[in-house]
Amino acid sequence: NLSTVRAETKGVEDGSKSRFLSFQTNYIAIWLCMMMSDWLQGPYVYALYSSYGFSKESIGLLFICGFGSSMTLGTLAGSLADKFGRKTSCIAFGFIYGFSCLTKHSSDFNLLLLGRLTGGVATSLLFSVFEAWMVKEHFSNGFSADLLSSTFTRAYFGNSLVAIAAGLLGGMVADNYGPVAPFDCSLVLLVVGTTAIFCSSWPENYGDANQETSNEGVMSAMKVLMADPKLALCGLVQSLFEGSMYTFVFMWTPALEEQASLVGLTTIPHGFIFAIFMVCCMIGSMLVKEFENRQIPAFTYMVCMLPVAAASVVPSVLGMGIWAQLTGFCVFEACVGVYFPTWGTVRGSIVPENIRATVMNLYRVPLNLIVVLVLINIGGMTTSNVFCLCFLFLALSSGAMYMLTQASQTRPGGTAGDACQVDPEAGESLISGALSSVLEDEKDMEA
Numbered sequence: 019n020l021s022t023v024r025a026e027t028k029g030v031e032d033g034s035k036s037r038f039l040s041f042q043t044n045y046i047a048i049w050l051c052m053m054m055s056d057w058l059q060g061p062y063v064y065a066l067y068s069s070y071g072f073s074k075e076s077i078g079l080l081f082i083c084g085f086g087s088s089m090t091l092g093t094l095a096g097s098l099a100d101k102f103g104r105k106t107s108c109i110a111f112g113f114i115y116g117f118s119c120l121t122k123h124s125s126d127f128n129l130l131l132l133g134r135l136t137g138g139v140a141t142s143l144l145f146s147v148f149e150a151w152m153v154k155e156h157f158s159n160g161f162s163a164d165l166l167s168s169t170f171t172r173a174y175f176g177n178s179l180v181a182i183a184a185g186l187l188g189g190m191v192a193d194n195y196g197p198v199a200p201f202d203c204s205l206v207l208l209v210v211g212t213t214a215i216f217c218s219s220w221p222e223n224y225g226d227a228n229q230e231t232s233n234e235g236v237m238s239a240m241k242v243l244m245a246d247p248k249l250a251l252c253g254l255v256q257s258l259f260e261g262s263m264y265t266f267v268f269m270w271t272p273a274l275e276e277q278a279s280l281v282g283l284t285t286i287p288h289g290f291i292f293a294i295f296m297v298c299c300m301i302g303s304m305l306v307k308e309f310e311n312r313q314i315p316a317f318t319y320m321v322c323m324l325p326v327a328a329a330s331v332v333p334s335v336l337g338m339g340i341w342a343q344l345t346g347f348c349v350f351e352a353c354v355g356v357y358f359p360t361w362g363t364v365r366g367s368i369v370p371e372n373i374r375a376t377v378m379n380l381y382r383v384p385l386n387l388i389v390v391l392v393l394i395n396i397g398g399m400t401t402s403n404v405f406c407l408c409f410l411f412l413a414l415s416s417g418a419m420y421m422l423t424q425a426s427q428t429r430p431g432g433t434a435g436d437a438c439q440v441d442p443e444a445g446e447s448l449i450s451g452a453l454s455s456v457l458e459d460e461k462d463m464e465a
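Be aware that the sequence shown starts at 19, since it is given in the numbering used here, and climbs by one per residue.
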């Protein structure tokens, strides 16, 4: 009878939901472990090299080699991941990044250079093969496309929390045991995460296993990339936005210190400001969840968000005071919080599965090139000039996003295009409505 059918249907739905939550929790837990290992290292790389007595020029060379390695060797590694397996590549990431951590115990420049080279490859793997593995398994398990956004949103919300925890832990161990201690903590997390992949039920999955060499895989992916305007525009948006983001990571400290000195402050609370930035990222992730609840398509709010990100760096372009620049930086971090979970979903719907890891690493080539060029010339540029470049990159990213939206709307077949359609009425009240809902939720929690 009808009640029996409903009970059986509910049992199937409950079982599927339980299976999805188990899959999601397993992936996010391991991914956050690996991300925390990365967060622990970032703030202390420069300090460690400086403690070994290297000049700014030598340290700059080490950084440039790291980004250059990610741009070249990392791209080839991503292609190999599609051929030899994404799970295998996730495990390889743990070993490669672990070796990079061990090199930090030496003050020998050549060994540190080797560590930067391997660290660049590992970074490319971290930001490509884990996502490629998860997206393939998500659809292989029969989970709906709507649930993919849930995984990205929860993962990047957790990433903000992990970043705060890494900042606190890293500061504590660095103060007590020296600047190499955070890298030892990172190594421990890499061992834990890699062991978890070994011991968990992660199956292997592949992209294009028919390619004979990594070069062949890269060339094949480049042909597909150039033939599909949506793929090219997706990469352009990502490279320009993330290139601006990494430039911001280098520049926010000197920018605020410069403004602080003008008002008589000798130092700024770096850790406290970093924590504020991470809270802003969390708010951005919460906004994504609210957009989903209101059924606002991702392309609708991305078209609005990127111009907001460009406007957020204007105070730094104009050399306004410390409070104006800090406010702009907080807005930019909130935009970063919106961008990452959303872009994972958008990219997952556009990039072909058989070359996913390869294409994701190709997207990082212009990104790393932007950062390398800025680093090479940063000594001869004022703070205002650097943020002018950031504004230009973000403005171009906004234009590319608009073009991508238009291309997706006219896509034949309608499936992906429907998911990308822009609702003009939704865009008008987008930010205000979502923010109001988030603030109401916070008030309820406080009550």
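Even glycine gets a Cβ: it sits at the ideal position worked out from N, Cα and C. Here the structure is a predicted model, which is why all the values come from computation and not from measurement.
Those runs of the alpha helix (DSSP H) which lie wholly inside the segment 63 to 92 and span at least 4 residues = Counting only runs of 4 or more, we get 63 to 69.
Roughly how many angstroms separate the alpha carbons of L422 and N386, rounded to a whole number?
-> Within the sequence shown, residue 422 is the residue found at index 404, counting from 1. Within the sequence shown, residue 386 is the residue found at index 368, counting from 1. Cα to Cα, L422 sits roughly 22 Å from N386.
Hey, G103 and Y224: beta-carbon distance below 8 Å or not?
-> As a first step, residue 103 is located in the sequence shown; it is residue number 85 there, counting from the start. As a first step, residue 224 is located in the sequence shown; it is residue number 206 there, counting from the start. Yes, the Cβ-Cβ distance between G103 and Y224 is below 8 Å.
If we ignore side chains and look at the alpha-carbon of each, how far apart do W49 and V281 end up?
-> By 1-based counting over the sequence shown, the position of residue 49 is 31. By 1-based counting over the sequence shown, the position of residue 281 is 263. C-alpha separation (whole angstroms): 42 Å.
Are S415 and L258 closer than 8 Å when you measure CB to CB?
-> Against the sequence shown, residue 415 aligns to sequence position 397. Against the sequence shown, residue 258 aligns to sequence position 240. Yes.
Secondary structure of Y224, DSSP reduced to three states = One-based indexing of the sequence shown puts residue 224 at position 206. Coil, per DSSP.
With DSSP run on the structure shown, which of helix, strand or coil describes Q59?
-> Here the question's residue 59 lines up with position 41 in the sequence shown. Note: Q59 maps to helix in three-state DSSP.
How far does the alpha helix (DSSP H) with R312 in it reach, from first residue to last?
-> Stepping through the sequence shown from its first residue, residue 312 is reached at position 294. Boundaries for R312: no alpha helix (DSSP H) harbours it, and the DSSP string shows neither H nor E there.
Best match in N379, L410 and C408 for proximity to D100 [C-alpha to C-alpha] = The count along the sequence shown starts at 1 and reaches residue 100 at position 82. Among N379, L410 and C408, the Cα nearest to that of D100 is on N379.
With L391 as the anchor, note down where its alpha helix (DSSP H) starts and where it stops.
-> As a working mapping, residue 391 is identified with position 373 in the sequence shown. Start and end: R374 to N395.
Report all residues from its chain with a CB closer than 8 Å to the CB of V180; omit the five preceding and five following residues, and keep chain order.
-> As a position in the sequence shown, residue 180 is number 162, starting the count at 1. Hits under 8 Å: L50, M53, M54 and W57.
Continuous alpha helix (DSSP H) stretch holding A419: start and end = Start at 1 with the first residue of the sequence shown, and residue 419 comes out as number 401. A small fix is needed here, since residue 419 is Met in this sequence, not Ala. Under the DSSP assignment, M419 falls in the alpha helix (DSSP H) whose first and last residues are T401 to Q427.
Which parts of the segment 96 to 129 are runs of the beta strand (DSSP E), unbroken and 3 residues or longer, counting only runs that do not cross its ends?
-> Runs of the beta strand (DSSP E) inside the segment 96 to 129: none found.
CA-to-CA distance, P359 to S167, given in whole angstroms | Numbered from its first residue, the sequence shown carries residue 167 at position 149. Numbered from its first residue, the sequence shown carries residue 359 at position 341. Between the alpha carbons of S167 and P359 lies a distance of about 7 Å.
Kindly list the residues whose CB is nearer than 7 Å to the CB of Q467, restricted to its own chain and excluding five residues on each side of it in sequence; keep chain order.
-> Residue 467 falls outside the range modelled here, since the chain spans only 19 to 465, and no answer is possible.
For G244, count neighbouring Cβ atoms within 10 angstroms of its own Cβ and tell me buried if that reaches 16, exposed if not.
-> Translated into positions along the sequence shown, residue 244 becomes position 226. Checking the sequence shown, residue 244 turns out to be Met, not Gly. Label assigned to M244: exposed.
G397 versus G78: straight-line alpha-carbon distance, rounded = Start at 1 with the first residue of the sequence shown, and residue 397 comes out as number 379. Start at 1 with the first residue of the sequence shown, and residue 78 comes out as number 60. Cα to Cα, G397 sits roughly 10 Å from G78.
Opening and closing residue of the alpha helix (DSSP H) in which G494 lies | There is simply no residue 494 to check, as the chain begins at 19 and stops at 465 in what is shown.
Comparing alpha-carbon positions, which option in C408, Y45, I215 and L94 lies nearest F268?
-> Within the sequence shown, residue 268 is the residue found at index 250, counting from 1. The shortest C-alpha separation from F268 is found at C408.
Could you tell me which of L336, S279, L324 and E351 sits nearest to M304, measuring between CA atoms?
-> To locate residue 304, count along the sequence shown from 1; it is residue 286. Residue E351 is the option with its Cα nearest to M304.
Measure the C-alpha to C-alpha separation of Y115 and S426 and round it to an integer number of angstroms.
-> Position 97 of the sequence shown, counted from the start, is the residue given in the question as residue 115. Position 408 of the sequence shown, counted from the start, is the residue given in the question as residue 426. Distance between the alpha carbons of Y115 and S426 is about 37 Å.
Is any heavy atom in the ligand ADP found nearer than 7 Å to the beta carbon of A163?
-> This structure lacks the ligand ADP; in fact it carries no ligand of any kind.
So is S36 buried or exposed if we call it buried at 16+ other beta carbons inside 10 Å?
-> Position 18 of the sequence shown holds residue 36. So S36 counts as exposed.
Cβ neighbours of F117 in the same chain (closer than 6 Å, five flanking residues each side left out) | Within the sequence shown, the letter at position 99 stands for residue 117. Correct list, in chain order: T136.
So which of S146, W361 and V63 has the shortest CA-CA distance to K122?
-> Counting from 1 along the sequence shown, the entry for residue 122 is found at position 104. Of the candidates S146, W361 and V63, V63 places its Cα closest to the Cα of K122.
The alpha helix (DSSP H) with F145 in it runs from where to where?
-> Stepping through the sequence shown from its first residue, residue 145 is reached at position 127. No alpha helix (DSSP H) holds F145; DSSP gives it neither H nor E.
Between the CA atoms of L393 and M399 - distance to the nearest angstrom = Here residue 399 corresponds to residue number 381 of the sequence shown, with the count starting at 1. Here residue 393 corresponds to residue number 375 of the sequence shown, with the count starting at 1. Spanning the two alpha carbons is a distance of roughly 10 Å.
Between the segment 180 to 191 and the segment 38 to 48, do three or more beta carbon pairs fall short of 8 Å?
-> The segment 180 to 191, when compared against the segment 38 to 48, does not touch it at the 8 Å Cβ threshold.
Neighbourhood of Y264 by C-beta distance below 6 Å, restricted to the same chain and skipping five residues each side = Position 246 of the sequence shown holds residue 264. Residues of the same chain with a CB within less than 6 Å of the CB of Y264, apart from the 5 flanking positions on each side, are V389 in chain order.
Endpoints, alpha helix (DSSP H) assigned at D164 | Along the sequence shown, read from residue 1 onward, the residue named residue 164 stands at position 146. D164 -> alpha helix (DSSP H) spans A163 to Y195.
Check P333 in the structure and name its three-state DSSP category.
-> If you number the sequence shown from 1, residue 333 lands on position 315. In this structure, P333 counts as helix in the three-state DSSP scheme.
Burial state of K74 (16 or more Cβ within 10 Å) | Walking along the sequence shown from the start, residue 74 turns up at place 56. Residue burial is scored here from C-beta neighbours: K74 has fewer than 16 other C-beta atoms within 10 angstroms and is therefore classed as exposed.
Within 8 Å, strictly: CB atoms of G138 and S88 | Within the sequence shown, numbered from 1, the residue matching residue 138 stands at position 120. Within the sequence shown, numbered from 1, the residue matching residue 88 stands at position 70. Cβ distance < 8 Å, so G138 and S88 count as in contact.
In whole angstroms, what is the alpha-carbon distance linking S97 and V377?
-> By 1-based counting over the sequence shown, the position of residue 97 is 79. By 1-based counting over the sequence shown, the position of residue 377 is 359. One alpha carbon belongs to S97, the other to V377, and they sit about 8 Å apart.
Could you tell me the distance, in whole angstroms, from the CA atom of N194 to the CA atom of V356?
-> On the sequence shown, residue 194 is found 176 positions in, with the first residue counted as 1. On the sequence shown, residue 356 is found 338 positions in, with the first residue counted as 1. Spanning the two alpha carbons is a distance of roughly 36 Å.
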